[in-house]
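Undergrad: Numbering (my numbering), first residue to last: 56 to 255.
All residues carry an ideal CB built from backbone N, CA and C; glycine is no exception.
#1: Using the Cβ count rule (16 or more neighbours within 10 Å means buried), how would you classify residue 139?
#2: Apart from the five residues on each side of it in sequence, which residues of its chain come closer than 6 Å, Cβ to Cβ, to residue 253?
#3: Check whether the region 108-116 and the region 141-157 touch, using three or more Cβ-Cβ pairs below 8 Å as the test.
#4: Which residue's Cα is closest to the Cα of residue 127: 234, 158, 187 and 247?
#5: Is the beta carbon of residue 196 sitting closer than 8 Å to the one on residue 166?
#6: To the nearest angstrom, how far is the alpha carbon of residue 123 from that of residue 110?
#7: In the DSSP assignment, what are the bridge partners of residue 216?
#8: Expressed to the nearest angstrom, what Euclidean distance is found between the alpha-carbon atoms of residue 273 and residue 63?
#9: Have a look at residue 154 and residue 172 and give me their C-alpha separation to the nearest angstrom.
#10: Distance check for residue 85 and residue 121, CA to CA, integer angstroms please.
#11: Near residue 71, what residues of its chain come up, given a Cβ to Cβ distance below 8 Å and the 5 sequence neighbours on each side ignored?
#12: Output the distance between the C-alpha atoms of residue 238 and residue 230, rounded to the nearest integer angstrom.
And the structure:
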């Protein structure tokens with residue numbers, strides 16, 4: 056089994072669970088009670104708080120703090136300096152440790168550089184949050200959102216390519232050839248042109 060790598064400048068507290076093959080780079084801090092799956096990569100200056108769960112193959116770029124209450128499923132990408140919160144109405148003089156709101160980033164989703172995700176939302180599977188967006192409400196699976204506050208401007212494939220739906224509500228990913236349908240404002244993958252061993 057492949058061991059994890061922890062850079063000498065990083066701090067991993069006792070009680071943190073680190074999956075095999077995970078790489079933790081310069082000046083990171085993984086706190087007790089955090090759980091990181093196999094094959095994750097934490098760039099420079101990443102903080103993972105107690106109670107955070109990362110699935111397999113989660114990629115976190117430099118200068119990201121993932122606070123208590125956040126769950127990232129498999130294959131999530133968090134861009135440089137993106138921001139999570141866990142309290143909607145913080146005050147320095149008021150303790151709200153018992154009021155953390157959960158935030159879930161579903162499988163394969165991307166949160167772009169410098170985006171902010173306000174707590175209590177769900178980012179759907181393979182959704183794409185554009186750089187600098189401010190997410191204040193949940194994002195549907197495969198949706199592309201941008202702006203402050205974030206608004207949906209389209210749909211993205213699992214490969215991260217823009218989907219253009221025809222009059223019958225069908226679109227193919229220009230990179231993979233996968234075919235998607237759009238019905239009742241929901242996107243579903245219906246055809247795999249190759250065997251990727253994964254399925255949905």
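TA: By the coordinates alone:
#1: buried
#2: Low per-residue confidence applies at residue 253: pLDDT is 47, beneath 50, and the placement is therefore not dependable enough to give any value.
#3: no
#4: 158
#5: no
#6: 15 Å
#7: Paired residues: none, contrary to the question.
#8: Only positions 56 to 255 of the chain appear in this structure, which leaves residue 273 out of reach.
#9: 17 Å
#10: 10 Å
#11: 85, 86, 87, 88, 89, 90, 91 and 103
#12: 22 Å
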